[in-house]
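Single-structure report; data block below.
In our numbering, the protein residues as written are 5 to 261.
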């Protein structure tokens, strides 16, 4: 049995992965608030941005945390196509959940269905990412802990969608994002504690890319996307600000005539 280390760099990877999850959640919530105040193409664009932010945040959280994952007695590689597929799954399922909530008239039903679908999708992303791991040995899972991680994912996704519908103020969004980041991190590490590895020593080379060759550059790129998009959203005027600006200009235009 190989000894698993979930934090080979100490607290750096857990802390950084939590920051990524919180950033994606905060950006997604702010974009959803903007979407609910918009119509037509503008609403669609805000919802797409919200889904990409939350999906990117969850995926980046997972693989930043995986940078700290190690197993004694074997190297670790990652299957590139499966890893990229896990990113696509994260984006698509979150997009489905966000659009269900953003466009449905029966929001309670949309919230429950969207939360279930998105939660199962997030769990699928996690275990697809784990299926991409290549090492000298056999990976096994503890079924009760796997089930618990899936339950946490569904609850976290439902809470995230509820927050998107009901939380408007920046301070409340910040608080909700911190809670959502903790929930996503809890889901990840619960799933990781379900893992055990039976190492089979081998001198052969493993297929795939190392974390530093593939995961690290991709995580840095997606993390940069999150922070740049956050700056754009923070600087762009809200619907209320645009309406206030328009109403302030009307008297000036009237007096000019």
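Ideal placement from N, C-alpha and C gives every residue a C-beta, glycine not left out.
Note that the structure is a prediction, hence the values are computed from the model and not measured.
Reduced DSSP category for residue 113 - H, G, I as helix; E, B as strand; rest coil: Position 109 of the chain shown, counted from the first residue, corresponds to residue 113. It is helical.
Three or more C-beta pairs below 8 Å linking the segment 138-145 and the segment 171-185: No, the segment 138-145 is not in contact with the segment 171-185.
Cβ pair count under 8 Å reaching 3, the segment 180-198 against the segment 16-31: Yes, the segment 180-198 touches the segment 16-31.
CB-CB length for residue 3 against residue 213, believed under 8 Å: Residue 3 lies beyond the range of the chain shown here (5 to 261); nothing can be said about it.
Identity of the residue in 70, 54 and 41 nearest residue 15 by Cα: Numbered from 1 along the chain shown, position 11 holds the residue referred to as residue 15. Of the listed residues, the one whose Cα sits closest to residue 15 is 70.
Neighbour-count burial assignment, residue 192, 16 or more Cβ in a 10 Å radius: Working through the chain shown from its first residue, we reach residue 192 at position 188. The residue in question, residue 192, is buried, as its Cβ has 16 or more Cβ neighbours within 10 Å.
Residues bridged to residue 213 [DSSP beta-bridge criterion]: Taking the first residue of the chain shown as 1, we reach residue 213 at position 209. Paired residue(s): 82.
Where residue 130 falls: helix, strand or coil (DSSP): Residue 130 sits at position 126 when you count from the first residue of the chain shown. In the three-state reduction of the DSSP assignment, residue 130 falls in the helix class.
Spatial neighbours of residue 86 in its chain, beta-carbon cut-off 7 Å, leaving aside the 5 residues before and after: The residue you call residue 86 lines up with position 82 of the chain shown. 132, 135 and 136, listed in sequence order.
Cutoff 6 Å; reference residue 2; Cβ partners in own chain excluding five residues on either side: Residue 2 lies beyond the stretch modelled for the chain, which goes from 5 to 261, so this question has no answer here.
Beta carbon of residue 94 nearer than 8 Å to that of residue 59: Sequence index remark: in the chain shown, residue 94 carries index 90 (1-based). Sequence index remark: in the chain shown, residue 59 carries index 55 (1-based). Going by C-beta atoms, residue 94 is nearer than 8 Å to residue 59.
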